[in-house]
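Chemist: Handing you a structure now.
Protein chains: 2
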Amino acid sequence: MDQIAIADKPHVALARLMRDEMAAVDALIRARMVSEHAPRIPEVTAHLVEAGGKRLRPLLTLAVAAMCGYRGDNHIRLAATVEFIHTATLLHDDVVDESEKRRGRPTANLMWDNKSSVLVGDYLFSRAFQLMVETGNLRVLDILANASATIAEGEVLQLTAAQDLGTDEAVYMKVIRGKTAALFAAATEVGGVIASAPEASVTALRDYGDALGIAFQIVDDLLDYGGSTAKLGKNTGDDFRECKLTLPLIKAVAAADDTERAFWQRVIGDGQQKDGDLAQAMALMQRHGTLAATRADAIGWATRAKAALTGLPDSEIREHLTGLADYVVARVV
Amino acid sequence: MDQIAIADKPHVALARLMRDEMAAVDALIRARMVSEHAPRIPEVTAHLVEAGGKRLRPLLTLAVAAMCGYRGDNHIRLAATVEFIHTATLLHDDVVDESEKRRGRPTANLMWDNKSSVLVGDYLFSRAFQLMVETGNLRVLDILANASATIAEGEVLQLTAAQDLGTDEAVYMKVIRGKTAALFAAATEVGGVIASAPEASVTALRDYGDALGIAFQIVDDLLDYGGSTAKLGKNTGDDFRECKLTLPLIKAVAAADDTERAFWQRVIGDGQQKDGDLAQAMALMQRHGTLAATRADAIGWATRAKAALTGLPDSEIREHLTGLADYVVARVV
């Protein structure tokens with residue numbers, strides 16, 4: 001992974017290859033955000049869309065469609081669709097998490113109100129729905145309908161699993177499939193479907209997206225504790241403070257002795273936290289090696305993502321998709 | 001309309017005609033509410049679904065499909081779809097309105113929390129999406145996607161129009177099309193589409209649903225002021241207290257002199273209400289005849305709904321649908 005430091009990041013290289021299509025996706029997103037009746041809608045969404053982010057999901061759809069030789073413009077609609085779904089879930093997540101910051105800017109629920117976030121999220125989801133119907137491809141609709149159900153189910157599961165020390169790794173996997181991997185998998189799968197790729201390739205692309213999404217989310221959850229070296233910065237410890245049972249913590253609870261278990265019960269189960277508790281939690285995770293074990297899990301999923309691609313024809317895009325799986329886990333040391 | 005008092009109510013007669021199909025819809029709704037991963041979901045939805053209500057929207061889809069001679073089972077899926085969409089919007093509405101009661105029972109947001117209402121609403125919407133995709137009918141998907149966008153847009157518009165004395169009847173129409181008529185119109189239109197009814201019939205069915213939904217919502221808004229006789233009961237005045245500009249009030253603001261306008265500005269625009277303001281608002285609406293004018297508008301829409309049906313072949317179901325338009329406005333005197 002050493003070459004990543006000197007070469008382009010893989011998603012940057014992909015975005016350059018796909019720059020015309022990404023510009024078309026941006027234009028489509030802007031055009032469909034507009035509501036002649038309700039000016040609040042573009043206000044709220046522009047705030048989110050302008051904030052940018054890496055646009056990783058639409059990029060995956062475009063890259064996969066191009067890799068599979070697609071000729072047409074439905075990949076633009078589908079890329080905009082997955083970004084709209086992603087943005088809609090962010091708006092609802094911020095309400096549910098009572099977040100005040102997203103990508104370093106105040107969240108929509110803070111700038112306007114929770115009501116606007118709920119309703120504009122619904123609007124974006126309905127816009128996504130219209131866009132995918134325009135492709136006229138029932139299989140694509142089926143994939144995205146199932147992904148939507150998995151996402152919604154995962155969000156509810158995350159809510160009910162919060163502060164529940166009985167949350168195990170199986171529940172965690174369901175939560176992060178809903179939170180992240182379902183949309184990654186749908187984004188890559190629809191790219192293959194729209195290009196009429198062979199069934200084996202469609203399955204491989206779906207598996208790639210799923211494994212990449214899982215690796216991505218595990219790394220995200222690990223970074224919330226500063227990575228496997230447990231360096232605390234100003235952006236670390238949010239999940240701990242919100243009593244969320246992510247993988248490093250689930251592993252620590254599973255390895256806990258009675259004293260440690262009482263600690264986890266107080267700070268997570270009962271949500272009674274005081275100064276020094278985060279440092280103590282980190283020390284326990286270090287003692288049981290759960291941060292390193294979490295990183296190993298992420299690397300395992302990145303390996304599965306890369307393996308899924310090996311049956312596909314070699315191409316520049318395939319190389320970048322492989323590189324992206326490495327890059328996702330290289331974020332954390 | 002005198003015979004309504006002695007004969008069955010039209011929706012009761014329709015429900016009896018469609019009882020086997022309605023039972024199938026109920027069974028499908030129950031089956032699809034279930035989530036093996038997230039038990040909170042059936043808890044929240046059972047609470048709403050058990051509470052019942054008239055199931056008017058699924059009944060319209062079933063009745064129209066039967067009237068158009070449909071043979072198959074996609075009308076069951078579509079009826080469940082519209083009920084899921086309706087229930088999802090109720091869950092999100094209750095969060096937005098901060099409601100504490102729905103159909104005489106505590107709302108889900110009160111019994112659980114706003115988070116559950118937001119996420120379970122999303123889940124129901126995704127379930128609706130899966131059900132409609134199962135019909136394999138792209139035109140039906142297009143109709144329901146457009147209805148979803150109109151609903152979401154109307155909800156945002158209602159939010160931004162609240163307390164805005166500049167809200168006119170044109171804005172009000174957009175709000176109630178989103179709030180009610182769009183789903184009524186989609187419910188009747190998809191019934192015709194799935195039965196491969198002639199284009200003229202599909203248009204007529206859509207127009208019927210649209211006009212029926214508008215009449216229904218105008219009556220609902222009028223009943224919030226006790227009807228055109230302005231009788232206040234324990235369930236009246238909610239819209240006034242929430243500073244919502246519904247039709248009787250919009251007409252009163254349009255007819256206001258300077259003194260009256262100052263009153264409306266204080267109680268609605270600024271939301272500064274005190275004892276006696278509701279009685280004063282009612283007196284102003286009576287003085288300008290806006291409650292009677294609102295009732296006349298509702299009757300006009302019911303007449304349009306009935307007129308839309310005249311081009312369709314005569315049948316028992318058509319008679320009940322015509323009767324339903326009369327019944328909707330007969331609720332208010």
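Top line first, the protein sequences correspond to chains Y and G.
Take 1 as the starting number for the first sequence in this note's numbering and just add one per residue.
Take 1 as the starting number for the second sequence in this note's numbering and just add one per residue.
By construction, the Cβ of each residue, glycine as well, lies at the ideal position given by its N, Cα and C atoms.
Here the structure is a predicted model, which is why all the values come from computation and not from measurement.
Taking the Cβ atom as the reference point for each residue, do I29(Y) and A80(Y) lie within a distance shorter than 8 Å?
Modeler: In the first sequence, residue 29(Y) corresponds to position 29, counting from 1. In the first sequence, residue 80(Y) corresponds to position 80, counting from 1. Yes.
Chemist: Which value, in whole angstroms, describes the spacing of the CA atoms of V190(Y) and M18(Y)?
Modeler: Locating residue 190(Y) in the first sequence gives position 190, where the first residue counts as 1. Locating residue 18(Y) in the first sequence gives position 18, where the first residue counts as 1. Between V190(Y) and M18(Y), the C-alpha separation is close to 17 Å.
Chemist: With distances taken from CA atoms, which of G69(Y), A298(Y), L131(Y) is nearest R360(Y)?
Modeler: A query on residue 360(Y) cannot be resolved here, the shown segment of chain Y reaching from 1 to 333 and no further.
Chemist: My assumption, with CB atoms under 8 Å, is that I317(G) sits in contact with A63(G). Please give the rounded CB distance.
Modeler: As a position in the second sequence, residue 317(G) is number 317, starting the count at 1. As a position in the second sequence, residue 63(G) is number 63, starting the count at 1. So it is a contact: roughly 5 Å between Cβ atoms.
Chemist: Please report the straight-line C-alpha distance between L183(G) and D26(Y), rounded to a whole angstrom.
Modeler: Stepping through the second sequence from its first residue, residue 183(G) is reached at position 183. Stepping through the first sequence from its first residue, residue 26(Y) is reached at position 26. Near 30 Å, if we compare the C-alpha coordinates of D26(Y) and L183(G).
Chemist: Kindly list, in the order they appear in chain G, the residues whose Cβ is closer than 8 Å to that of H92(Y).
Modeler: Looking up residue 92(Y) in the first sequence gives position 92. In chain order: V118, L119, D122.
Chemist: Please determine, among G72(G), L78(G), F84(G), G121(G), the residue with the shortest C-alpha to C-alpha distance to H92(G).
Modeler: Within the second sequence, residue 92(G) is the residue found at index 92, counting from 1. With distances taken between Cα atoms, H92(G) lies closest to G121(G).
Chemist: Pick from G311(Y), P313(Y), T303(Y): whose alpha carbon is nearest that of L324(Y)?
Modeler: As a first step, residue 324(Y) is located in the first sequence; it is residue number 324 there, counting from the start. It is T303(Y) whose Cα lies nearest to the Cα of L324(Y).
Chemist: So what does DSSP say about Q280(G), is it helix, strand or coil?
Modeler: For this step, residue 280(G) is matched to residue 280 along the second sequence. Three-state result, Q280(G): helix.
Chemist: Among Y225(G), V253(G), T150(G), K251(G), which has the Cα closest to the Cα of F240(G)?
Modeler: The residue labelled residue 240(G) in the question sits at position 240 within the second sequence. Per the Cα distances, Y225(G).
Chemist: Buried or exposed: D221(G), going by 16 or more other Cβ atoms within 10 Å of its Cβ?
Modeler: In the second sequence, counting from the first residue as 1, residue 221(G) sits at position 221. By the C-beta density criterion, D221(G) is buried, having at least 16 other C-beta atoms within 10 angstroms.
Chemist: Just to make sure I have the definition right: I need the residues of chain Y whose C-beta is within less than 9 Å of the C-beta of R25(G). Which are they?
Modeler: Start at 1 with the first residue of the second sequence, and residue 25(G) comes out as number 25. In the sequence on display, residue 25(G) carries Val and not Arg. Going along chain Y, no residue has its Cβ under 9 Å from V25(G), so there is no contact; the nearest lies around 19 Å.
Chemist: Fully enclosed by the region 123-162 of chain G, which alpha helix (DSSP H) runs are 4 residues long or longer?
Modeler: For the region 123-162 of chain G, whole alpha helix (DSSP H) runs of length 4 or above, ordered along the chain, are 138-161.
Chemist: Please say whether I194(G) and V140(G) have beta carbons closer to each other than 8 Å?
Modeler: By 1-based counting over the second sequence, the position of residue 140(G) is 140. By 1-based counting over the second sequence, the position of residue 194(G) is 194. Yes, they are a contact pair.
Chemist: Kindly list the residues whose CB is nearer than 6 Å to the CB of F125(G), restricted to its own chain and excluding five residues on each side of it in sequence; keep chain order.
Modeler: Numbered from its first residue, the second sequence carries residue 125(G) at position 125. Here the set comprises A88.
Chemist: Should the region 169-183 of chain Y be called in touch with the region 164-184 of chain G, which here means at least 3 C-beta pairs below 8 Å?
Modeler: no
Chemist: Taking DSSP as the reference, what is the three-state secondary structure of H11(Y)?
Modeler: Translated into positions along the first sequence, residue 11(Y) becomes position 11. Looking at H11(Y) - three-state DSSP - the assignment turns out to be helix.
Chemist: L131(Y): which of G136(G), N137(G), L205(G), N146(G) sits nearest, CA to CA?
Modeler: Along the first sequence, one-based indexing puts residue 131(Y) at 131. The shortest C-alpha separation from L131(Y) is found at N146(G).
Chemist: Would you decide whether T322(G) is buried or exposed? Buried here means 16 or more other CB atoms lie within 10 Å of its CB.
Modeler: One-based indexing of the second sequence puts residue 322(G) at position 322. With 16 or more other Cβ atoms within 10 Å, it is buried.
Chemist: Could you tell me whether the region 251-260 of chain Y touches the region 281-291 of chain Y, using the rule of 3 or more Cβ pairs below 8 Å?
Modeler: yes
Chemist: Could you tell me the alpha carbon to alpha carbon distance between P39(G) and K54(Y), rounded to whole angstroms?
Modeler: As a first step, residue 39(G) must be located in the second sequence, where it is residue number 39. As a first step, residue 54(Y) must be located in the first sequence, where it is residue number 54. Going from the Cα of P39(G) to the Cα of K54(Y) covers about 34 Å.
Chemist: I'd like the span of the alpha helix (DSSP H) that includes R32(G), first residue to last.
Modeler: What you label residue 32(G) is simply residue 32 of the second sequence in a count that begins at 1. Residues 19-33.
Chemist: For T236(G), collect the residues of the same chain with a Cβ closer than 7 Å to its Cβ; drop the 5 residues on either side in sequence, then sort them by chain order.
Modeler: Numbered from its first residue, the second sequence carries residue 236(G) at position 236. D224, Y225, G226.
Chemist: Can you tell me whether DSSP reads Y327(Y) as helix, strand or coil?
Modeler: For the purposes of this step, residue 327(Y) is identified with residue 327 of the first sequence, where counting begins at 1. DSSP places Y327(Y) in helix when its eight states are reduced to three.
Chemist: Between the Cα of E155(G) and the Cα atoms of K115(Y), E155(Y), V82(Y), which residue gives the shortest distance?
Modeler: If you number the second sequence from 1, residue 155(G) lands on position 155. Minimum Cα distance to E155(G) is reached at K115(Y).
Chemist: Return the chain-ordered ranges of every beta strand (DSSP E) run that is complete within the region 221-277 of chain Y and spans a minimum of 3 residues.
Modeler: none
Chemist: From which residue to which residue does the alpha helix (DSSP H) around V332(G) run?
Modeler: For the purposes of this step, residue 332(G) is taken as residue 332 along the second sequence, with counting starting at 1. That residue, V332(G), is in no alpha helix (DSSP H); it is neither H nor E in DSSP.
Chemist: Let me see if you follow: with CB-CB separation under 8 Å, is T160(Y) close to chain G or not?
Modeler: The residue given as residue 160(Y) occupies position 160 in the first sequence. Using beta-carbon distances, T160(Y) counts as an interface residue toward chain G, with a partner under 8 Å.
Chemist: Would a check of beta-carbon distances place G271(G) closer than 8 Å to chain Y?
Modeler: Looking up residue 271(G) in the second sequence gives position 271. Judged by the 8 Å Cβ criterion, G271(G) is not in contact with chain Y.
Chemist: Give, in chain order, every residue of the region 196-209 of chain G whose Cβ lies closer than 9 Å to some Cβ of chain Y.
Modeler: Residues of the region 196-209 of chain G with a C-beta atom less than 9 Å from some C-beta of chain Y do not occur.
Chemist: Please list the partners that K115(Y) has in chain G, where partner means a Cβ-to-Cβ separation under 8 Å.
Modeler: Stepping through the first sequence from its first residue, residue 115(Y) is reached at position 115. In chain order: V95, V96, L159.
Chemist: Assuming V328(Y) and A186(Y) are in contact, meaning their beta carbons sit under 8 Å apart, how far apart are those beta carbons, in whole angstroms?
Modeler: Against the first sequence, residue 328(Y) aligns to sequence position 328. Against the first sequence, residue 186(Y) aligns to sequence position 186. Not really, about 18 Å apart at Cβ, beyond 8 Å.
Chemist: Can you confirm whether F216(Y), when its beta carbon is compared against all beta carbons of chain G, has any partner nearer than 8 Å?
Modeler: As a first step, residue 216(Y) must be located in the first sequence, where it is residue number 216. No, because no Cβ of chain G sits closer than 8 Å to the Cβ of F216(Y).
Chemist: Which bits of chain G does N146(Y) rub up against, with CB to CB less than 7 Å?
Modeler: As a working note, residue 146(Y) is residue 146 in the first sequence. Going along chain G in sequence order, the residues near N146(Y) (Cβ under 7 Å) are Q130.
Chemist: Go ahead and pull the three-state DSSP assignment for R57(G).
Modeler: Within the second sequence, numbered from 1, the residue matching residue 57(G) stands at position 57. Of the three classes helix, strand and coil, the one that applies to R57(G) here is helix, per DSSP.
Chemist: Using a Cβ cut-off of 8 Å, pull out every chain Y residue sitting near A149(G), in sequence order please.
Modeler: Start at 1 with the first residue of the second sequence, and residue 149(G) comes out as number 149. Near A149(G) (Cβ distances below 8 Å), the residues of chain Y are Y123, S126, R127, F129, Q130.
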